[in-house]
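Undergrad: If you're matching them up, the sequences are chains A and G in order.
So the first sequence is numbered by UniProt numbering: it starts at 1 and just counts up by one.
So the second sequence is numbered by UniProt numbering: it starts at 1 and just counts up by one.
Beta carbons: idealized from backbone N, C-alpha and C, even for Gly.
There are 2 protein chains.
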Amino acid sequence: MTDQKYSELAIEKIAKTKINDVDFDNINFGRKFTDHMFYCDFIDGAWQQPKIVPYQPMTLEPSARALHYGQAVFEGMKAYKDDNGNAFLFRPEDNHRRINISAARLAMPEFPKEYFMEGLTTLMKMDKDWIKPGVGNSLYVRPFMFAIDPAIAAAPSEAYRFMIICSPAKAYYTSKIRVLFSEKYSRSADGGVGYAKAAGNYAAQFYPTGLAQKRGYQQIIWTDAKTHEFLEEAGTMNIFFRVNDTLLTAPISDRILDGITRKSVIQLAEDSNIPVEVRRVTVSEIKEAATNGSLKEIFGAGTAAVISPISAFEHGGEVFEIPDTENSYALRLKKQLLDIQHNLSEDKHGWRYEVK
Amino acid sequence: MTDQKYSELAIEKIAKTKINDVDFDNINFGRKFTDHMFYCDFIDGAWQQPKIVPYQPMTLEPSARALHYGQAVFEGMKAYKDDNGNAFLFRPEDNHRRINISAARLAMPEFPKEYFMEGLTTLMKMDKDWIKPGVGNSLYVRPFMFAIDPAIAAAPSEAYRFMIICSPAKAYYTSKIRVLFSEKYSRSADGGVGYAKAAGNYAAQFYPTGLAQKRGYQQIIWTDAKTHEFLEEAGTMNIFFRVNDTLLTAPISDRILDGITRKSVIQLAEDSNIPVEVRRVTVSEIKEAATNGSLKEIFGAGTAAVISPISAFEHGGEVFEIPDTENSYALRLKKQLLDIQHNLSEDKHGWRYEVK
Ligand SMILES: Cc1ncc(COP(=O)(O)O)c(C=O)c1O
Ligand SMILES: Cc1ncc(COP(=O)(O)O)c(C=O)c1O
C-alpha cells in the first residue's frame, strides 16, 4: 500500500448540532455520540475516499465477515480541552501504530497514517464543542476497523471499513475498585492475540468478569494462561504494584496490550526518580508483600480509567486489603498525567498533540 | 427466560425468487444467499417476535457492540435432499444446544429452542428449492447471534440479534490437504473460549494460517497453547489419527470445539468395530508412527469439509508424507456419513431430521 494515491477527505456537515440534547453532567459512558463520524472503506485492495459525515446508522450485509469471524480491531483515545478552549490529543500516533499492529495479527490491512491523522484532527475540529474543559472531562475517541465482505467463508475478508466515532466521557471508575486474581479463566495465551486490541478479546472476558462482579470484585487481574502464577493486566488497564517504594509492572509480551498510559506512567515515574522494575510479577510475591505490609499500592492504568487505585484483591480464597497510603504514587501520577493532558503543566516528552 | 411467552413467527415472502440467477455448478462458497432469512431481536430482556423476511442488508449502529467487543457466536449446519425431493437436516438440536453454550461463554442470552427449530424448519421449507439433491450438494445453514446494543462501554450488550442465513454449498476441500502442526501460534488456552464457536476464535487463526499457506499447507493443526505437545483440532475441523487400525482423537476440553461430525464419526467407527481411543494425542507419538509406518491416515471432520483426508504434515522443520492406504477409514466413514445425511442408508441413531 506504500504506492497508494491519497484522495481528499470528503466532508458532509450535519444540518443542526445535537449537542443541546446532551446533559454533560450526567453522562452514561459510550451511549451518546457527537455530530460527525469518519469512515473509509477498503475495497479491491485499496482504501477508498475517506469521509466525514453526520453520525448515522449504516447498512451492513448479514454475511459481513466481522459478525461471523470476528475480524474487528479498535482503539481508544481521548481529546481534552484547556481553559482557553484549545483541544489536545495524547500521543495519537501511538494509537495509529497500535491499530495497525492489531490489524496485522487479524490479517487485516494497514490503515494509512495520513488518513488517520487527517480524519482524526478534522473530526476533532468539527466536533470541538463536544470536548468539555475541566480535568476529568474528555471526549472519548474510538477508531475501529472491521470486515464488511459479504461472504461467510472462514478466511480473511477482502473488504473492510475503518471508522472513528466519538463519545463524551467522564472518568470511568470513580472510587477504588476491588479485584480478583484469575486462577481458572484466562484472557490470552502465548502465540495468541492478547497483545492486539481485537474485539474477541473483550467478549471473552465478560462472563468471568460477571462472575467476579457477583462476588463484589469490579475487575479481574489476568494471570498467564499457562501457570496462573504471573500477574499480567486487567480487562482494559495495565497493572502496577508498589512494593515499598518500587513500582513493578509486567513486561509487554504477546499476551499483554502495550498500553500508552502504561508506558507514560513508567516514564513519569522515572522522571520523578521512582524506581520502576519492568519484570514478571508473581502472585506469590504480591501476596507475601500484602501480608508483610510492604505492598503499598496496586493500580490500573489505561485511557478510559486513567489511573484506577485498587483497594483489595482476592486469590486462593483469601482477601487482601490494601490500606490507604500517604504519598500515593497512583494519585501523584494521575495528577501528572491529567495535567499534561489538559495543558496545565510542561510536556517535556512531547505527548500533547494540539488540534488546530 | 423460561416463562417467556412465545410469539408467532411472522413471515414476509420474497416477490420473486433469485434462484435462477445462481449457477449451482460453479458455486463460490458463502457468497450467494437464499431468498429468505430468519431473525429475532433480544430487547429489554426478552426475545421479540421472530421473523422470516427476504434476504436483505440490515441497519446497524456504528457503536453496535459486536463490532467493538466481539460478542458474536455462530453455528454451521447443512441441509440435504434425497432423490425424491425430501429435505433433511443432520442433528440440528445439537447445533441449537451448542450455540447456547457458546453464547453463555460470551455472556449472551440463550436462544429458545422453540424459536430455533421453528425458524429453521420454516426457512428450510420456504427455500427448499435451494437444496439440491445429489451427494456432495447441500445447503449450508448459518445461525448466528451478535450484540447490537449501540453503546461502546466494555461490558455485555443489552440487545442482540439472532439470525439464520443460508448459502448453497459444495464440499469444502476437494483434494487431500497438507497441514502444519502448530509450534508457536495458539488457538485457545485453558480457561479461554476455544470450546465456543465465538467469532474472535476464527479471526485469530487467519494470520498464522496465512503464513502456513504461503509455505504450501492449507491448514494448521493446533496444539495445546501450554506445551504444544498435544494435537487438538484444525480451524474448522476436529482431527482423527489412524495408527495401525486404531482411531485416535483428542478429548473435548475447554480448548476444543465439541464437533457434531466428530462425535458422529466416533459412533460410526464404533458401529463398525473400529477401535477408537479418545485421549490426548502427542505430537511425538504421531511423528514416531509416521516414521515407523504405523500412521495410516489423518483426517479432519467437520460440517463444512465433511471428512477431509490429510496427505502430509510438517513439524519441527520435518515433513512427513502419509502414503495412500487401502481400506481408508476416512473414505469409508465419509461415505457412511453422507449416506445417512442424504437418506441413502439406515439411520439407526436417529440423526436425520426430516424437514416437513
Ligand atoms: C487489554 C487492555 N490493556 C490495557 C489497556 C490500556 O491501554 P491504553 O493505556 O493505551 O489505553 C487497554 C485499553 O486501552 C486494554 O484494552
Ligand atoms: C473450531 C472448529 N472445530 C471443529 C468443527 C467441526 O464441528 P462440526 O462437526 O460440528 O461442524 C468446527 C466447525 O464447525 C469448528 O469451527
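#1: Just checking, does the stretch 272 to 279 of chain G make contact with the stretch 246 to 253 of chain G on the three C-beta pairs under 8 Å criterion?
#2: Name the residue from A/Leu295, A/Asp245 and A/Asp258 whose alpha carbon lies nearest to the alpha carbon of asparagine 273 of chain A.
#3: Give a single yes or no on whether glutamate 93 of chain G has its beta carbon closer than 8 Å to a heavy atom of ligand 2.
#4: Select from the stretch 127 to 147 of chain G all residues with a C-beta closer than 7 Å to any C-beta belonging to chain A, and list them in chain order.
#5: Within its chain, find whatever has a CB closer than 6 Å to the CB of leucine 139 of chain A; leave out the 5 residues flanking it on each side and keep chain order.
#6: Answer yes or no: do isoleucine 266 of chain G and phenylalanine 90 of chain G have a C-beta to C-beta separation smaller than 9 Å?
#7: Which residues bound the beta strand (DSSP E) around serine 182 of chain G?
#8: So, is the C-beta of glutamate 315 of chain G closer than 9 Å to a C-beta in chain A?
#9: If I measure Cβ to Cβ from lysine 81 of chain A and keep anything under 7 Å in the same chain, skipping five residues before and after, which residues do I get?
#10: Within 8 Å: the Cβ of isoleucine 99 of chain G and any heavy atom of ligand 2?
#11: Assuming methionine 126 of chain A and isoleucine 52 of chain A are in contact, meaning their beta carbons sit under 8 Å apart, how far apart are those beta carbons, in whole angstroms?
#12: Between the alpha carbons of isoleucine 322 of chain A and proline 109 of chain G, how many angstroms are there, rounded?
#13: Under 9 Å, do glutamate 268 of chain A and valine 306 of chain A count as touching if we go by C-beta distance?
#14: If you measure from the beta carbon of serine 167 of chain A to each beta carbon in chain G, is any gap under 9 Å?
#15: Counting contacts by CB-CB distance shorter than 9 Å, is histidine 68 of chain G in contact with chain A?
#16: Interface residues of chain G around glutamate 229 of chain A at Cβ under 7 Å?
#17: Name, going along the chain, the residues of the stretch 36 to 63 of chain A whose beta-carbon falls closer than 7 Å to a beta-carbon of chain G.
#18: Give me the Cα-Cα distance between methionine 1 of chain A and glutamine 49 of chain A, rounded to the nearest whole angstrom.
#19: Express the C-alpha separation of proline 156 of chain A and isoleucine 203 of chain G in angstroms, rounding to a whole number.
#20: Output the boundary residues of the alpha helix (DSSP H) element that contains serine 284 of chain A.
#21: What did DSSP end up calling tyrosine 55 of chain G once you bin it into helix, strand or coil?
#22: From which residue to which residue does the beta strand (DSSP E) around proline 143 of chain G run?
#23: With distances taken from CA atoms, which of A/Ala46, A/Gly210, A/Pro57 and A/Trp47 is nearest aspartate 35 of chain A?
#24: Output the residue ranges of the beta strand (DSSP E) runs that lie fully inside the stretch 290 to 354 of chain G and measure 3 residues or longer, sorted by chain position.
#25: Whole angstroms is fine: what's the gap from glycine 302 of chain G's alpha carbon to alanine 199 of chain A's?
#26: Would methionine 77 of chain G count as contacting chain A if we go by Cβ distances under 9 Å?
#27: Quick check: is the beta carbon of valine 22 of chain A nearer than 9 Å to any beta carbon in chain G?
#28: Which first and last residues belong to the beta strand (DSSP E) in which isoleucine 256 of chain G is found?
#29: Kindly examine ligand 2 and report whether one of its heavy atoms sits closer than 8 Å to the Cβ of alanine 155 of chain A.
#30: So, for valine 193 of chain A: in the same chain, excluding its five sequence neighbours on each side, which residues have a beta-carbon less than 6 Å away from its beta-carbon?
#31: Please return the same chain residues whose Cβ sits closer than 7 Å to the Cβ of leucine 333 of chain G, not counting the five positions on each side in sequence.
#32: Spatial neighbours of glutamate 12 of chain G within its chain, please: CB distance less than 6 Å, with the 5 preceding and 5 following residues excluded, ordered by chain position.
#33: To which residues of the same chain is phenylalanine 111 of chain A closer than 6 Å at the C-beta, ignoring the five residues directly before and after it?
#34: Could you check whether phenylalanine 313 of chain A and valine 179 of chain A sit closer than 9 Å to each other, using their CB atoms as the reference points?
#35: Phenylalanine 144 of chain G and phenylalanine 240 of chain G look like a contact to me (Cβ under 8 Å); what is the Cβ gap, rounded to whole Å?
#36: Assuming alanine 66 of chain A and alanine 72 of chain A are in contact, meaning their beta carbons sit under 8 Å apart, how far apart are those beta carbons, in whole angstroms?
TA: From the atom records:
#1: Counting Cβ pairs under 8 Å, three or more are found: they touch.
#2: The shortest Cα separation from asparagine 273 of chain A among A/Leu295, A/Asp245 and A/Asp258 belongs to A/Asp245.
#3: Flag unset: Cβ of glutamate 93 of chain G not near ligand 2.
#4: The stretch 127 to 147 of chain G vs chain A, Cβ under 7 Å: Arg142, Phe144 and Phe146.
#5: The beta carbon of leucine 139 of chain A lies closer than 6 Å to those of Ala79, Trp130, Ile131, Cys166 and Pro168 in the same chain, with the five residues before and after it left out.
#6: Contact flag unset, no.
#7: From DSSP, serine 182 of chain G is part of no beta strand (DSSP E); its letter is neither H nor E.
#8: Sequence inspection shows histidine at residue 315 of chain G; the glutamate mentioned does not correspond to that position. No, its Cβ sits nowhere closer than 9 Å to a Cβ of chain A.
#9: Excluding residues within five positions, the ones whose Cβ falls inside 7 Å are Ala87, Ile131, Lys132 and Pro133.
#10: No, the Cβ of isoleucine 99 of chain G stays beyond 8 Å of every heavy atom of ligand 2.
#11: The pair is a contact, with the Cβ atoms about 7 Å apart (cut-off 8 Å).
#12: Distance between the alpha carbons of isoleucine 322 of chain A and proline 109 of chain G: 37 Å.
#13: The sequence shown places leucine at residue 268 of chain A, not glutamate. For leucine 268 of chain A and valine 306 of chain A, no; Cβs fall outside 9 Å.
#14: Using a CB distance cut-off of 9 Å, serine 167 of chain A counts as an interface residue toward chain G.
#15: Output row for histidine 68 of chain G: interface = yes.
#16: Those within 7 Å of glutamate 229 of chain A in chain G number zero; the least Cβ separation is about 13 Å.
#17: Answer set for the stretch 36 to 63 of chain A: Met37, Pro57, Met58, Thr59, Leu60, Glu61, Pro62 and Ser63.
#18: Confidence at methionine 1 of chain A is low in this model, with a pLDDT of 43, below 50, so its placement is unreliable and no value can be given for it.
#19: Residue identity differs from the one stated: residue 203 of chain G is alanine in this sequence, not isoleucine. The straight-line gap from Cα to Cα measures roughly 7 Å.
#20: Residues 283 to 292.
#21: Three-state result, tyrosine 55 of chain G: coil.
#22: Where proline 143 of chain G is concerned, the enclosing beta strand (DSSP E) stretches over 138 to 147.
#23: Selection A/Ala46, A/Gly210, A/Pro57 and A/Trp47 evaluated against aspartate 35 of chain A yields A/Pro57 as nearest (Cα-Cα).
#24: Whole beta strand (DSSP E) segments, 3+ residues: 295 to 302, 306 to 315 and 318 to 321.
#25: For the pair glycine 302 of chain G and alanine 199 of chain A, the Cα-to-Cα distance works out to about 26 Å.
#26: It does not; no Cβ of chain A falls within 9 Å.
#27: With respect to chain G, the C-beta atom of valine 22 of chain A has no partner C-beta closer than 9 Å.
#28: Premise fails: isoleucine 256 of chain G is in no beta strand (DSSP E) and is neither H nor E.
#29: No - ligand 2 has no heavy atom lying nearer than 8 Å to the Cβ of alanine 155 of chain A.
#30: Cβ within range, chain order: Arg105.
#31: If we look at leucine 333 of chain G and ignore the five residues flanking it on each side, its Cβ neighbours are Val265, Leu268, Ala269 and Ile307.
#32: Apart from sequence neighbours up to five positions away, the residues of its chain that approach glutamate 12 of chain G with a beta-carbon distance below 6 Å are Val53, ordered along the chain.
#33: Hits under 6 Å: Phe162.
#34: Going by C-beta atoms, valine 179 of chain A is nearer than 9 Å to phenylalanine 313 of chain A.
#35: Contact between phenylalanine 144 of chain G and phenylalanine 240 of chain G does not hold, since the beta-carbon distance rounds to 27 Å and is not under 8 Å.
#36: Correct: roughly 5 Å between the Cβ atoms.
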